[in-house]
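A.B. asks: Here it is, the structure in full.
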Amino acid sequence: MTALEPPTTAAARDDGGQQYSSAADAEALSQLGYTQELHRGIGGYAAFASGFSFVSILTTVFALFALGFGLGGPSFFFTWPIVFVCQFCVCLVFAELSGKFPVAGAIYQWSRRLAGDGVGWFAGWFMLIGYIVSVSALAIAMQSVLPSIWSGFQLVGSDTALASVSGATNAIILGSITIALCTVISAVGVSFMGRITIIGVTIEIIGVVLLVVLMFVHSERTPAQAVLDTGGHTTGLGYLPGFLASMLMAAYVMYGFDSAAELSEETRDPRRTAPKAIVNALLVSFIGGGLMILGALMAAPSLGAPELSADGIAWVITSQLDTWMGKTLLTIVAIAIFSATLAIQASASRVMFSMARDNRLPFGSFLAKVNSRTGTPVNTGIVVSALAIAVLLVNLGQAGVFAAITSVSVVIVYIAYLMVTIPALIHRLRGTSLSFGRPVFDLGRWGILVNVIAVVMGTLLMINIAWPRAEVYDPDGTSWFLHYFAIIFVALTLVVGAAAYLRVRNLPGAPVPTDALVGAKRSR
-9 MTALEPPTTA
1 AARDDGGQQY
11 SSAADAEALS
21 QLGYTQELHR
31 GIGGYAAFAS
41 GFSFVSILTT
51 VFALFALGFG
61 LGGPSFFFTW
71 PIVFVCQFCV
81 CLVFAELSGK
91 FPVAGAIYQW
101 SRRLAGDGVG
111 WFAGWFMLIG
121 YIVSVSALAI
131 AMQSVLPSIW
141 SGFQLVGSDT
151 ALASVSGATN
161 AIILGSITIA
171 LCTVISAVGV
181 SFMGRITIIG
191 VTIEIIGVVL
201 LVVLMFVHSE
211 RTPAQAVLDT
221 GGHTTGLGYL
231 PGFLASMLMA
241 AYVMYGFDSA
251 AELSEETRDP
261 RRTAPKAIVN
271 ALLVSFIGGG
281 LMILGALMAA
291 PSLGAPELSA
301 DGIAWVITSQ
311 LDTWMGKTLL
321 TIVAIAIFSA
331 TLAIQASASR
341 VMFSMARDNR
351 LPFGSFLAKV
361 NSRTGTPVNT
371 GIVVSALAIA
381 VLLVNLGQAG
391 VFAAITSVSV
401 VIVYIAYLMV
411 TIPALIHRLR
421 GTSLSFGRPV
431 FDLGRWGILV
441 NVIAVVMGTL
451 LMINIAWPRA
461 EVYDPDGTSW
471 FLHYFAIIFV
481 ALTLVVGAAA
491 YLRVRNLPGA
501 PVPTDALVGA
511 KRSR
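This is the structure we're talking about:
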């Protein structure tokens, strides 16, 4: 076995089991071609909180349960462990790479070093687009929660539905305020942002536990009765189309765990911290999200009620819990939405910063500036937030288009993931190790199998999400454009990205030649 490994120094290694010093972190970063500019204020729990906040099961499972149930009935529950197997294998590959390359803009940096500047640039481009749209999608979710807590949050009109003019306008206002607050918090400093994220995640975990316990206490049926029912979607092979469609719910939820790696240059001892944070974020999300789905299916007054397909977990809560308890849980959901928006906005700004620092984006010198006092890339944070608010504006009068954009953003991210896992598999098959040596996370002899599963299942899952299903992209059945929106959006992203790449590919930048590390092989 050979090793894909940059040179190390005694100062940067910690074979005695002690924590790295900040000087050692800076030295390790310099070996990858960069000077320490960002402040390191993220610890182990804050790194985990970043990844967990991005997945945000209390937000995403709460919001998307109705989608999965409506497409596949109660048995859609089994899509949860299937998607987890795929994403956990991706997660393990990322954990190895985060220990080897602890650099901001993780997906872009990993792909660039494994597959070359061109592939790496498109991986970063796709992640950036996906992140920006995700910021908008999370922020606009405030409209589905805040007015239900207090009517005063409905600042425009009285109709809270996103499809209405007043609801869409109010959603844009609430979403813009949320994004602006996240921008300010990120700009203050990474330590402050980390503390806010920790508070948000702790409250979210408490909320998940509380919700799960309450739903199990108010259960109407056994677990078997809850999940062994297709809900009238036929059985046998006839159930397969509905089951595959319902898998979109789990696929929409279980991504973003890599955001802990996006903050690697601001994390203390990232070679150890980031891998643990990535793995733990997905594991906790899988367990908590699975229990939420099971609890909702067990506690629903009726599995055949149309309200379960329309309102999902919210209907279960209002049907089974007292009003004050329901509002308490909705408040916790609002906190989780804010925490998730903060995590995604921070991740997006780090991807933009990392690409700009390599002179791979227009106005690179401006975007790559780091505030000397706070040690944060303030400019990229502002630009990301401005673009996310611009995406929000699409929802005004175009709710169907906005829903399609947010759905296909997940496809974009999954493609970017494949731009890491496929090159990683190629290196493994060539006998190149992706680990950095002890005490960094290492899959060892399981690496090839895990990587194969990540690539094969990841490819199939991406195709499944992008498949032009009318019930997902054009539920009203009125627009061929929306029906095939995923394919069209990916094609446009590629075309625009290609035009942008042609303008920046020959610019000086990227301090570490791609093959400088790939070619550094030695016997272990």
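Take -9 as the starting number for the sequence shown in the working numbering and just add one per residue.
Beta carbons are placed, not taken as given, at the ideal position from N, Cα and C, and that holds for glycine.
What you are looking at is a predicted structure, and each value in this text was computed from that prediction instead of being measured.
(1) In three-state DSSP terms, what is Pro429?
(2) Suppose the cutoff is 6 Å on Cβ atoms and the five residues either side in sequence are ignored; what does the same chain contact list for Ala129 look like?
(3) Fully enclosed by the segment 437 to 495, which alpha helix (DSSP H) runs are 4 residues long or longer?
(4) Does the beta-carbon distance from Tyr24 to Glu255 come in below 9 Å?
(5) Cα separation between Ser138 and Val199?
(6) Thr396 by DSSP, collapsed to three states: which one?
(7) Assuming Ala300 and Ala127 are in contact, meaning their beta carbons sit under 8 Å apart, how far apart are those beta carbons, in whole angstroms?
(8) Based on the DSSP secondary-structure assignment, which residues constitute the bridge partners of Thr257?
(9) Pick helix, strand or coil for Thr212, following the three-state DSSP scheme.
(10) Which class does Leu386 belong to by DSSP, given the choice of helix, strand or coil?
(11) For Thr422, name the three-state secondary structure that DSSP assigns.
(12) Would you identify the three-state DSSP class for Pro231, choosing helix, strand or coil?
(13) Work out the CA separation of Thr370 and Val269 for me, nearest whole Å.
(14) Rounding to the nearest angstrom, what Cα-Cα distance links Val155 and Cys79 in this structure?
(15) Using C-beta distances below 7 Å, list every residue in its chain close to Gly31, excluding the 5 sequence neighbours before and after it, in chain order.
(16) Note down, in chain order, each residue of its chain lying with its Cβ closer than 6 Å to the Cβ of Val73, except the 5 sequence neighbours on either side.
(17) I'd like to check one pair, Ile47 with Met288: are the Cβ atoms closer than 9 Å?
(18) Taking C-alpha atoms, which residue in Gly62, Leu152, Cys76 lies nearest to Leu451?
(19) Figure out for me which residue from Gly58, Gly110, Asp15 has the closest Cα to the Cα of Val410.
(20) Do Ile235 and Val462 have their C-beta atoms closer together than 9 Å?
(21) Taking Leu298 as the reference, which of Leu61, Ala18, Leu238 has the closest Cα?
(22) Helix, strand or coil for Glu121? Go by DSSP, reduced to three states.
(23) Could you pull out every residue in the same chain whose Cβ sits closer than 7 Å to the Cβ of Phe356, ignoring the five residues on either side in sequence?
(24) Ala481 to Met342, Cα distance in whole Å?
(25) Counting only the same chain and skipping the five closest in sequence on each side, list residues whose C-beta sits under 6 Å from that of Trp115.
(26) Ordered along the chain, which non-local residues of its own chain (more than five positions away) have a Cβ less than 7 Å from that of Val191?
(27) With 16 as the cutoff for other CB atoms within 10 Å, does Val135 come out buried or exposed?
(28) Considering Tyr98, what are the terminal residues of the alpha helix (DSSP H) in which it resides?
(29) Express the C-alpha separation of Lys90 and Asp466 in angstroms, rounding to a whole number.
(30) I need the DSSP call for Gly179, collapsed to helix, strand or coil.
(31) Of the residues Gly63, His208, Met132, Ser124, which one's Cα is nearest the Cα of Ala380?
(32) Provide the residue span of the alpha helix (DSSP H) that contains Asp342, from first to last.
(33) Short of 6 Å in beta carbon distance, which residues of its chain neighbour Ala406, apart from the five on each side in sequence? Order them along the chain.
(34) Exposed or buried, what is Trp100 when buried is set at 16 or more other beta-carbons lying within 10 Å of its beta-carbon?
(35) Output yes or no for whether 9 Å exceeds the beta carbon distance between Phe475 and Ile395.
C.D. replies: In short:
(1) For Pro429, the predicted structure reports a pLDDT of 49, less than 50, and the residue's modelled location is therefore unreliable. A value from the coordinates is still provided. The answer is coil: DSSP assigns Pro429 none of H, G, I, E or B.
(2) Gly165, Thr168, Ile169, Thr331
(3) 437 to 456, 460 to 463, 470 to 473, 475 to 494
(4) Yes, Cβ-Cβ distance for Tyr24 and Glu255 is below 9 Å.
(5) So the alpha carbons of these two residues sit roughly 22 Å apart.
(6) helix
(7) About 20 Å; that fails the 8 Å criterion.
(8) Ile32
(9) coil
(10) coil
(11) Note: Thr422 maps to strand in three-state DSSP.
(12) helix
(13) 27 Å
(14) 43 Å
(15) Gly179, Val180, Ser181, Gly184, Glu256
(16) Ala240, Ala241, Met244
(17) no
(18) Nearest C-alpha to Leu451: Cys76.
(19) Gly110
(20) According to the sequence as given, residue 235 is Ala; it is not Ile. Yes, the Cβ-Cβ distance between Ala235 and Val462 is below 9 Å.
(21) Leu61
(22) It should be noted that the sequence gives Tyr, not Glu, for residue 121. Residue state, collapsed to three classes: helix.
(23) Excluding sequence neighbours, Phe356 sits near Asn369.
(24) 21 Å
(25) Gly487
(26) If we look at Val191 and ignore the five residues flanking it on each side, its Cβ neighbours are Ala39, Phe42, Ser43, Ser329.
(27) By the beta-carbon neighbour count (other beta carbons within 10 angstroms, threshold 16), Val135 is buried.
(28) 96 to 105
(29) 48 Å
(30) Coil, per DSSP.
(31) Residue Ser124 is the option with its Cα nearest to Ala380.
(32) The residue you asked about is not Asp; residue 342 is Met in the sequence shown. Its alpha helix (DSSP H) spans residues 313 to 347.
(33) Ile97, Ala113, Phe116, Met117
(34) buried
(35) yes
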